[in-house]
Amino acid sequence: MRVFVSTSPAAATATATTTATATATAAAATNKASCHLNLSSHRRFRHGPRSESVSLASALSRFDSRVRLSIRAMAEVETQKPKSHLAAGCKQALISLSDKQDLAFLGNGLQSLGYSIVSTGGTASALENAGVSVTKVEEITHFPEMLDGRVKTLHPSIHGGILARRDHEHHMEALNKHGIGTFDVVVVNLYPFYQKVSSSSGITFEDGIENIDIGGPTLIRAAAKNHKDVLVVVDHNDYPALLEFLKGNQDNQQFRKEMAWKAFQHVASYDSAVSEWLWKQSMGGDKFPPSLTVPLSLKSTLRYGENPHQKAAFYGDKSLSAVNSGGIATAIQHHGKEMSYNNYLDADAAWNCVSEFKSPTCVIVKHTNPCGVASRQDILEAYRLAVKADPVSAFGGIVAFNTTIDEDIAKEIREFRSPTDGETRMFYEIVVAPGYTEKGLEVLRGKSKTLRILEAKKTQKGTLSLRQVGGGWLAQDSDDLTPEDIKFNVMSEKVPQEKELQDAEFAWLCVKHVKSNAIVIAKDNCMLGMGSGQPNRLESLRIAFRKAGEEAKGAALASDAFFPFAWKDAVEEACQNGIGVIAEPGGSIRDGDAVDCCNKYGVSLVFTNVRHFRH
Numbered sequence: 178m179r180v181f182v183s184t185s186p187a188a189a190t191a192t193a194t195t196t197a198t199a200t201a202t203a204a205a206a207t208n209k210a211s212c213h214l215n216l217s218s219h220r221r222f223r224h225g226p227r228s229e230s231v232s233l234a235s236a237l238s239r240f241d242s243r244v245r246l247s248i249r250a251m252a253e254v255e256t257q258k259p260k261s262h263l264a265a266g267c268k269q270a271l272i273s274l275s276d277k278q279d280l281a282f283l284g285n286g287l288q289s290l291g292y293s294i295v296s297t298g299g300t301a302s303a304l305e306n307a308g309v310s311v312t313k314v315e316e317i318t319h320f321p322e323m324l325d326g327r328v329k330t331l332h333p334s335i336h337g338g339i340l341a342r343r344d345h346e347h348h349m350e351a352l353n354k355h356g357i358g359t360f361d362v363v364v365v366n367l368y369p370f371y372q373k374v375s376s377s378s379g380i381t382f383e384d385g386i387e388n389i390d391i392g393g394p395t396l397i398r399a400a401a402k403n404h405k406d407v408l409v410v411v412d413h414n415d416y417p418a419l420l421e422f423l424k425g426n427q428d429n430q431q432f433r434k435e436m437a438w439k440a441f442q443h444v445a446s447y448d449s450a451v452s453e454w455l456w457k458q459s460m461g462g463d464k465f466p467p468s469l470t471v472p473l474s475l476k477s478t479l480r481y482g483e484n485p486h487q488k489a490a491f492y493g494d495k496s497l498s499a500v501n502s503g504g505i506a507t508a509i510q511h512h513g514k515e516m517s518y519n520n521y522l523d524a525d526a527a528w529n530c531v532s533e534f535k536s537p538t539c540v541i542v543k544h545t546n547p548c549g550v551a552s553r554q555d556i557l558e559a560y561r562l563a564v565k566a567d568p569v570s571a572f573g574g575i576v577a578f579n580t581t582i583d584e585d586i587a588k589e590i591r592e593f594r595s596p597t598d599g600e601t602r603m604f605y606e607i608v609v610a611p612g613y614t615e616k617g618l619e620v621l622r623g624k625s626k627t628l629r630i631l632e633a634k635k636t637q638k639g640t641l642s643l644r645q646v647g648g649g650w651l652a653q654d655s656d657d658l659t660p661e662d663i664k665f666n667v668m669s670e671k672v673p674q675e676k677e678l679q680d681a682e683f684a685w686l687c688v689k690h691v692k693s694n695a696i697v698i699a700k701d702n703c704m705l706g707m708g709s710g711q712p713n714r715l716e717s718l719r720i721a722f723r724k725a726g727e728e729a730k731g732a733a734l735a736s737d738a739f740f741p742f743a744w745k746d747a748v749e750e751a752c753q754n755g756i757g758v759i760a761e762p763g764g765s766i767r768d769g770d771a772v773d774c775c776n777k778y779g780v781s782l783v784f785t786n787v788r789h790f791r792h
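Numbering (the numbering used here), first residue to last: 178 to 792.
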């Protein structure tokens, strides 16, 4: 091992004449020492005030007698080197936490493994209260915290000890020259910016700015960059793994890389929240920033994707806009098998649809399309009518309610027989509702071991809808309009009666949740038939009538988009099948034909001026 001495030319000459044997002996003696002079660029150094007890004589006694250094040279070493007590082989950890959960466990664990701990302000106090010995950062930097705590760790004595590469000789020489010690572990988490700006009580702009962490991300990024030599931890859940790793005394670079990746993700998510908040503060109602970052957090690895040969996972949205937004992503699962990729899609479709209705409503969904929808003050009746709309499709579907499920409705779900044969007990993949009574849950759990029982909060309106296409993403407002938000303009000679208008509104609310081309036939707040996903509107209309049967007479029909043709096409067929009122957006160059056709058959026609395409 080479020995570097910051000294005069004379001393350097004396050192150069030292034999190889003397050098090896000196190095061996140095390795055994607990404290030593600033002689090796390949040792770990402990920060701290200079120890006056280290005398020149005691220092010389650590060297073999064959190492001959002049008294003058040693004196110059004493006066020129930085005033620092440097401990050979000392391991150091830097801890600075806003969230101090499990701090005592971490501090005591590191201390028991022989680590000296350096810390800041409140973290240092908490460690001391837990009986852990701490060196405060200002004892190393010889500079107090300033600017109301904005500047604490931004100092070469800290970042030099983190960023120095141990296998780069000139890095270690630089630390040696300036009396800077190395850090082996850095444990940091950040100011609670996310929690502060998303709190229900709100926050001022000035308080938001003060909660933007500067020193923390800098420490994390520095340690993560130099993860080969410095372990970085940002999550209290990783403390046990960290301590186990350190006990093993193995240089497992994979673990270091995982912690570094997690650290950069932590900072990236934090910066994303700051960026999102500042954009909203500066740009007001503009939803589409020039650059958009969406922080996602893995919630679960799924069995497979849409098909068994596809791998899949489920991520939660950690954007500020997603806070308290409700929806299936935040639902509580009370019972049943783990959710699958398709389960999430179907449950989301069912929940979004049922959440649209103010009256007690039941919605049954199959492959994201509502096949049964009914609203009644008696939720039991609503459930029965929703199943009746299409019992074949309802079997194996997802059933959603916008009311709390009690024992009575739970028993009905558990025992209800298919209207098709009166014998087959209805089977469902998922039941989702805003709440359950204790007895209601107990009854549903008894229906099947696999039945997934979800409790969800209503999806918040005004969110941004994202969809991936090859090489990019589409972003749009969610389709949140309700009948109260629009005007139903009567275009026909026949004015719809109040009940017919209510049926039209109900059908219009249903059709927005059906895949285009979409047609819904409804009466008495109950969906009778639905046609979806057909390349032409006429075919969707025929499917809807086939489902509705004779009950379609006098019912309302809603279309998600305008009818391009009327005569000998969808509008005329609807009139000929006895529809009482048609609701469509209008906007076709042949709207006049639709009006004339409805007038001929005495059918009411209303334009909503709102299209509901769903792809």
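The beta carbon of each residue, even a glycine, is placed where N, CA and C say it ideally should be.
Chain-order list of residues whose beta-carbon lies under 7 Å from that of residue i (same chain, five-residue window excluded)
i    : result
L522 : T545
F432 : F422
K476 : F491, Y492 and G493
A559 : P537, T538, C539, A551, S552 and R553
Cβ neighbours of residue i in the same chain (closer than 6 Å, five flanking residues each side left out)
i    : result
Y447 : L367
K541 : With the sequence shown as reference, residue 541 is identified as Ile, and Lys is not the correct amino acid for it. These residues qualify, in order along the chain: C548, G549, A563, A571, G574 and V576.
S375 : L497 and V500
W528 : I505, A577, V609 and A633
S449 : T470 and P472
P466 : W456
Counted within 10 angstroms of its Cβ, other Cβ atoms place residue i as buried (16 or more) or exposed
i    : result
S474 : exposed
V646 : exposed
D415 : buried
A490 : exposed
Q554 : exposed
N786 : exposed
G706 : buried
T601 : exposed
H213 : Note on H213: pLDDT 30, under 50, position unreliable in the model; the coordinate value appears next. Counting Cβ neighbours within 10 Å, H213 comes out buried, since at least 16 surround it.
Three-way DSSP call (helix, strand, coil) for residue i in this model
i    : result
I272 : strand
D773 : helix
V787 : coil
T478 : strand
S293 : strand
A587 : helix
L352 : helix
Y613 : strand
K373 : helix
K402 : helix
G649 : strand
R342 : coil
G392 : helix
P547 : strand
Q510 : strand
T318 : helix
S765 : coil
I386 : helix
L641 : strand
I575 : strand
S498 : helix
Identity of the residue in the options nearest residue i by Cα
i    : options                   : result
L408 : A566, Y292 and G649       : Y292
C530 : L686, E558 and I759       : L686
S642 : L631, R791, F370 and G299 : R791
T636 : G286, D656, D701 and E558 : D656
M603 : V569, S334 and D494       : V569
K439 : V365, T381, G392 and L455 : V365
L651 : K464, G358, S273 and N579 : K464
N579 : G599, Y613 and E589       : Y613
P394 : H348, N776, G503 and F441 : F441
S508 : L631, K268 and S273       : Checking the sequence, you will find Ala at residue 508 rather than Ser. For A508, the nearest C-alpha among the options comes from L631.
E750 : G769, A721 and G764       : A721
S781 : W744, N666 and K689       : N666
G710 : H486, A699 and K692       : K692
Residues of its chain near residue i, where Cβ-Cβ distance is below 8 Å and the 5 sequence neighbours each way are ignored
i    : result
S536 : S552, R553, Q554 and N702
Short CB-CB distance (under 8 Å) between residue i and chain C
i    : result
A440 : In the displayed structure, chain C is absent; only one protein chain is listed.
Fill in: Inter-stretch contact at 8 Å, needing at least 3 Cβ pairs: the stretch 753–763 / the stretch 723–731
Enough Cβ pairs lie closer than 8 Å, so yes.
Worksheet item: Any contact of the stretch 735–747 with the stretch 591–602, i.e. 3+ C-beta pairs under 8 Å?
Response: These segments do not touch.
Worksheet item: Do the stretch 303–319 and the stretch 271–288 touch if we need at least three Cβ pairs shorter than 8 Å?
Response: Flag = yes, the stretch 303–319 and the stretch 271–288 touch.
Discussion item. So, does the stretch 755–769 touch the stretch 675–683, judging by three or more C-beta pairs under 8 Å?
Written reply: Touching, yes.
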